[in-house]
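Heads up: the structure comes next, in structure tokens.
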Amino acid sequence: MKKHSLPATMVTIVLFILATAYLYPLFLVVINSFKTFSEITSNVLALPKRLVWENFQNAFKIMNYPRYFLNTLLATTVGVCGVVLVSSLAGYKLSRTKTRYSFIMFMILIAPMMIPFHSFMISLVKVAKQLHLIGSPLGLGVLYWGLGSSLALFMYHGAVKSVPQELDDCALIDGASPLRAFFQIIFPLLQPVTVSVVVINTMWMWNDFLLPLLVLSGSKKSLTLQLAAYNFFGLYKVEWNFAMAGVLLTILPAILFYLSLQRYIIKGMVAGAVKT
Amino acid sequence: MKKMLVGLLALLVALSPLVAAGQQEKKDEPVTLNVLFYSPELAEQYNDMVAEYKKATGVTLDITVLQTDYRSVLTSRLNSGDVPDIFMSSAYADNSTYKDYVYDLSNEDFIKQIEPGALQGVISDGKVTGYPFLVQSHSFIYNKKVFRDNGITTLPKTLAEFEAVAKKLQANGVQPFATGFKEFWVLPQTAWQAIANVPTENYGGYEKFVGMLNSGALKFKDIPQMSQLFDLLDLIKKYGGPKPNESDFNDQTSSLATGKVAMIHQGNWAEDSIRKTNPEVEIGFLVGPTGNNAATAGIMFDSNQTIRIAKDSKNLQAALDWLRWLTTSEYGKNWIPGKVKQLSPIIGAAAPDSYIAKETSALLASGAPGYPWFYQMFPTGTEQQLGAILQGYCAGLTNREQTLDALDAAYAKIAKAAQ
Amino acid sequence: MTQLRRKQLNRGLVFLLFTLPAFAAILVSVEIPFLMSVVSSFTKWNGLDKAQTFIGLENYKELFLDDQDMWKAFGFTLRLTLGSVIAVNLCALLLAVILDSDIKGKNVLRAAFYVPNIISLIIIGYIWRFIFSAGFDSFYQKTGWEIFMLSWLGDVNIVYFSVLLVSLWHSLGFYLVVYIAGLQTVPRDLIEASMIDGANRTKRFFRITLPLIMPSITVCVFHSLSNGLKAFDVIFSLTNGGPGNTTTTIALDIYRTAFVINRFGYGTAKSVVLFLMILILSILQVRVFKRREVEV
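Next comes the structure, spelled out in structure tokens:
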């Protein structure tokens, strides 16, 4: 063990102060979500005199929280699983096949990373309508497959290079079908990338706003939490206490997900990001 | 990690029948009307009406209420064929924007129950393209107690009188205005009201005025009375507190309600928020100055928010039945004055329990002009674009001359594109 | 011969089996819609009428010759991108170096800096509007510092920094994590060797660490660059482009052209140009940075 020197301790203290300041805005959200409206108007910074749980009850009820939570979970899960599946398959094969066609296919598949979403969203809704993907969390999840796959595929494509080629060959000689060989031997070895793909896509799909708005707003039962929160803000423009409770309820699942997976997340993000 | 994922999946599978069941629960019910509305502040009132209609007829209205993204959502839904049975838009210029989608209400019996004045904004080429939802008014709202406490007894009408009042308030340590300049829709409402008298006085009426602007025969920079508009903005900014460009709707309503400021430029839709913030507040309505002529100082009074019926809807008849119910049934007639607490366009409707609605009627009865929302006749999109340019003026980015040039350039472009 | 043929065919089928699902998904969700938009960029269309009028290159002509607003938005987008690329990468790298050293509670600190990154930008904009208005008023009453009385979202000279501050606050955690990982890949023996050579800290960082973490820098700069050029959400919810269009980015300008002014064809022409711009800048940036990467 090294001894901590005085400057190091100083740095630590400074960093903790900095981190506190960094999280202060969130702290404000938390304390104000427990206040009455008149407390907020008189002083935003003060601690609540008593915890007003009614704000949360109100937000929970009006946002129709359980249903929209499930919708969001469904869309996110379908989306993430699909992205992992299609992009790992394609990323693996494209990385292994070194022909010109393979390269062209690779370029076609990663080009969407450069396309701004707003430029094609109207046509996307049109296409989605034709395919009956509108108005349900399931359909939303399916739409995410294509939207999330470019980056994921890019990450898998890079990571596959570190898996020795001999492994594929062995499996094939054993007589396993190509798909089976991939899922039994290669896919488990790609776990670090998979974790990062899961994390990046979960955070994005959970927090996504515009696409759900475009494809789900026609059917009230299928909204996601983000949409519910947005409607809630509209309804309670002035009553910050309700709105803050709504904010907290919306971000809480994401924060819990992050904290429970923190170790994997940091590893996963890094594995994916550096490989790209 | 794996365990968590498996657990999550299991949970999802266990719960998905619930979700699926929810999606198909109402199979044997007669009709569900799909509705896209804005004004989320009215969500409670919408819900109340939906429940009542369901009780009366068994028909469900599935209303989605949006605000900022309303137009993009509506555009993509109309475009993709996922057309709501009933939707909302502005009047005037929007009549032609949605012309390919809306049902002509001219021959519906219930249209005869609507005040002819309220219908003006929705008639296009002789067709009734929509149903006027509300009659609204905007001008200056003031806090009566603040005025009383500061000894202001004569209500201002001209720019000079407004300035005198503001000076007096400021001297007493009260902030005269909350500007609302951060909202791109508040600024144009404030600004155009300052020249609301000009089109009829100098250019032969609103339609001619807008027609000349559209064809390019008239430019903003050639309208001498544009100075009234700039003078008013300058005044509000000067007496609008330390952060005039940061004031939004929330700031306006809460500051007025708590008595932190004395006046805001807003419409009757703000009353609900103001009274929510402070139930005891007493507010009144002022005419807005059009330069220094007290006789032309008036309020902006019109029906702009419009309900449109999709002509290709498979529930067309049900949608029309709903409008008929809204116009003729006891509850429907009373919904806008009684629950929404705004002025109803239906002939003979009750007066709402609302300070601003009452004062609007009183002001109009006393002979103050009620101007139409003529800026809604400008081509679609000008509200935001011109609003941003005026916001630039208020933020000190451009002087009057540059602002006028920018307004003309932006207007010409949008008018050309809208042809 | 048939044997070989069959083998080739088989290989081709397997290739398709693996790549077609991704191809189909991406085609449906991105590329077909984008191509449909590109077609619209040659039309005059409001996004609503059933008829679109073909006008050739008119939209592109207007865009390059007669659209000051778009070029102003372009200028702001570049300034914002430049500012955020520099700020976020410098801050993240500096913090990463400190958090990579032997410090107590570094896991807690890493988590703390990461949390804002989890929250969606719509909500972030909402939170910060609350802080800039109600929060700063309370701070001012407490401290009396003039800085809280500045109009952070209303003064055209300050609003750039407010936007920058909020996006930095939001995204720092992500880049921090990537840099920490990069630093951890630097072999300890190289560092120790240089310590024996007597190189001081700063020298060691610039001579040894920096070249070795160049891949992370490439990734981070690429990420921050394309995110900056596509910036939309944070602006939309924080300033809505104001005051007076000073903070309107290209993405917001496109959105407005298409959905507020209802010039859908013209809006898509702008987005095609934005796509090409991002493409060119990304390629340039990756080329420049790749050249500086060293293999261990």
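Going down the list, the sequences are from chains A, B and C. Here the first sequence stands for residues 897 to 1172, numbered as in this note's numbering. Here the second sequence stands for residues 1442 to 1860, numbered as in this note's numbering. Here the third sequence stands for residues 177 to 472, numbered as in this note's numbering. The C-beta atom is built at its ideal place from N, Cα and C for all residues, glycine as well.
With respect to the alpha helix (DSSP H) encompassing residue i, which residues constitute its N-terminal and C-terminal limits?
i                 : result
Tyr1583 (chain B) : Here Tyr1583 (chain B) belongs to no alpha helix (DSSP H); instead the beta strand (DSSP E) covers 1577-1584.
Val273 (chain C)  : 244-276
Val976 (chain A)  : 961-992
Ile1593 (chain B) : Segment: none, Ile1593 (chain B) is in no alpha helix (DSSP H) and carries neither H nor E.
Indicate whether at least one CB of chain A lies closer than 8 Å to the CB of residue i.
i                 : result
Ser458 (chain C)  : yes
Asn1734 (chain B) : no
Asn1475 (chain B) : yes
Gly1522 (chain B) : yes
Arg1518 (chain B) : yes
Val1569 (chain B) : no
Distance cutoff 8 Å, beta carbons only. Does residue i sit that close to anything in chain C?
i                 : result
Met1010 (chain A) : yes
Thr1641 (chain B) : no
Ile958 (chain A)  : no
Asp1541 (chain B) : yes
Gln1061 (chain A) : no
Asp1865 (chain B) : Any answer about residue 1865 (chain B) is impossible in this case: the structure gives chain B only from 1442 up to 1860.
His1053 (chain A) : no
Lys945 (chain A)  : no
His1014 (chain A) : yes
Ala971 (chain A)  : no
Gly1037 (chain A) : no
Phe1625 (chain B) : yes
Ile1636 (chain B) : no
Near residue i, what residues of its chain come up, given a Cβ to Cβ distance below 7 Å and the 5 sequence neighbours on each side ignored?
i                 : result
Met1001 (chain A) : Leu990
Asn222 (chain C)  : Asn438, Arg439, Phe440
Glu368 (chain C)  : none
Asn1756 (chain B) : Val1472, Leu1474, Asp1526
Could you tell me the boundaries of the beta strand (DSSP E) in which residue i lies?
i                 : result
Ala1703 (chain B) : 1702-1708
Ile1527 (chain B) : 1527-1530
Leu1477 (chain B) : 1473-1478
Leu1727 (chain B) : 1724-1727
Pro1617 (chain B) : 1616-1619
Val1543 (chain B) : Careful: Val1543 (chain B) lies outside any beta strand (DSSP E) and carries neither H nor E.
Ile208 (chain C)  : Unbroken run through Ile208 (chain C) is the alpha helix (DSSP H), 208-216; no beta strand (DSSP E).
Val1506 (chain B) : 1501-1506
Within 8 Å of any Cβ in chain B, is that where the Cβ of residue i sits?
i                 : result
Tyr351 (chain C)  : no
Lys931 (chain A)  : no
Val436 (chain C)  : yes
Pro209 (chain C)  : no
Leu224 (chain C)  : yes
Gly975 (chain A)  : no
Ile1175 (chain A) : With chain A running from 897 to 1172 in the structure shown, residue 1175 (chain A) is simply not present.
Asn954 (chain A)  : no
Please identify the residue among the options whose C-alpha is closest to the C-alpha of residue i.
i                 : options                                    : result
Leu1597 (chain B) : B:Ala1738, B:Gly1773, B:Glu1842            : The sequence given here places Pro at residue 1597 (chain B); Leu does not occur at that position. The shortest Cα separation from Pro1597 (chain B) among B:Ala1738, B:Gly1773, B:Glu1842 belongs to B:Ala1738.
Gln228 (chain C)  : C:Phe218, C:Gly420, C:Lys237               : C:Phe218
Leu1106 (chain A) : B:Asp1510, B:Asp1503, B:Tyr1834            : B:Asp1510
Ser400 (chain C)  : C:Leu189, C:Ala201, C:Val261, C:Asp243     : C:Val261
Val1021 (chain A) : A:Val976, A:Met1101, A:Val1111, A:Leu1043  : A:Val1111
Ser296 (chain C)  : A:Asp1065, A:Trp1102, A:Ser1015, A:Gly975  : A:Trp1102
Tyr1040 (chain A) : A:Cys1066, A:Leu970, A:Phe1079, A:Glu1062  : A:Leu970
Lys1417 (chain B) : B:Glu1642, B:Ile1787, B:Asn1638            : A query on residue 1417 (chain B) cannot be resolved here, the shown segment of chain B reaching from 1442 to 1860 and no further.
Thr385 (chain C)  : C:Phe465, C:Pro292, C:Val362               : C:Val362
Asp1545 (chain B) : B:Trp1633, B:Gly1522, B:Gly1789, B:Gly1567 : B:Gly1567
Pro1720 (chain B) : B:Val1728, B:Leu1697, B:Ala1703, B:Asn1733 : B:Leu1697
Ile430 (chain C)  : C:Phe412, C:Pro419, C:Val264               : C:Phe412
Val204 (chain C)  : A:Ser998, A:Glu950, A:Trp949, A:Ala1024    : A:Ala1024
Who are the Cβ neighbours of residue i in its own chain at under 8 Å, not counting the five residues just before and after it?
i                 : result
Pro1813 (chain B) : Gln1561, Gly1562, Tyr1647, Met1741, Phe1742, Asp1743
Val1781 (chain B) : Leu1483, Gln1486, Leu1575, Pro1793
Thr1718 (chain B) : Thr1694, Ser1695, Ala1698, Thr1699
Here's a check: name, in chain order, each residue in its chain whose Cβ is nearer than 6 Å to the Cβ of residue i, leaving out the five neighbours to either side.
i                 : result
Met1653 (chain B) : Leu1659
At 3 residues or longer, and completely inside the stretch 1736-1804 of chain B: list those beta strand (DSSP E) runs for me, N to C. For secondary structure counted as the beta strand (DSSP E) over 3 or more consecutive residues, the stretch 1736-1804 of chain B holds these complete runs in sequence order: 1740-1743, 1747-1750.
Jot down the residue ranges of each uninterrupted alpha helix (DSSP H) in the stretch 343-411 of chain C, minimum 4 residues, whole runs only, in chain order. Positions of the alpha helix (DSSP H) runs, each at least 4 residues long and wholly inside the stretch 343-411 of chain C, are given as 364-372, 377-380, 390-405 in order along the chain.
Let me know the alpha helix (DSSP H) ranges lying completely inside the stretch 1651-1723 of chain B, each 4 residues or longer, listed in chain order. 1667-1679, 1690-1699, 1712-1718, all fully within the stretch 1651-1723 of chain B.
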